[in-house]
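These notes concern the structure reproduced below.
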């Protein structure tokens with residue numbers, strides 16, 4: 093039997109993948125973007141998290157990311173950063 097903890101972790105991973113799917117339009121499937129857009133796959137987790145939090149806080153200029161990032165909690169942005177950093181570029 094799968095423990096409740098393992099089930100919660102799997103659920104969390106599925107949720108993070110669902111959030112990340114919303115990034116694919118600009119940043120590509122699995123975080124590998126077309127030329128002209130930033131690829132997220134394989135970037136350092138800390139750097140991605142800082143960028144996302146800076147977008148959310150208005151400290152980094154953007155056309156869309158400052159609005160999109162406000163739809164996530166700081167913890168959710170940290171989880172997205174961890175997800176994309178774990179992907180192969």
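Residue numbers (the working numbering): 93 to 181.
Beta carbons are placed, not taken as given, at the ideal position from N, Cα and C, and that holds for glycine.
All figures in this text were calculated on a predicted structure; none of them were measured in a lab.
Margin query: Comparing C-alpha positions only, which one of 143, 160 and 163 sits nearest to residue 177?
Written below: Taking only the C-alpha atoms, the option nearest residue 177 is 143.
Note to self: Using a Cβ-Cβ cutoff of less than 8 Å, which residues in the same chain neighbour residue 125 once the five nearest sequence positions on both sides are dropped?
What the structure shows: The residues are 118, 119, 131 and 132.
Notebook entry, point to check: Quick one: what's got a C-beta closer than 8 Å to residue 129's C-beta in the same chain, skipping five residues either side?
Noted result: Around residue 129: 118, 119 and 120.
Item checked: Whole-angstrom distance between residue 122 and residue 145, CA atom to CA atom -> Residue 145 and residue 122: Cα-Cα distance of roughly 21 Å.
Checklist line | Beta-carbon gap between residue 111 and residue 170 smaller than 9 Å | finding: Taking 9 Å as the Cβ cut-off, residue 111 and residue 170 do not qualify as a contacting pair.
Note to self: At the level of alpha carbons, what is the spacing between residue 97 and residue 106?
What the structure shows: Since pLDDT at residue 97 reaches only 48, below the 50 mark, its modelled position is unreliable, and no value is offered.
Check: So residue 137 and residue 174 are in contact, right, with Cβ under 8 Å, and what is the actual spacing, rounded?
Finding: Here residue 137 really is in contact with residue 174; their C-beta atoms are around 5 Å apart, less than 8 Å.
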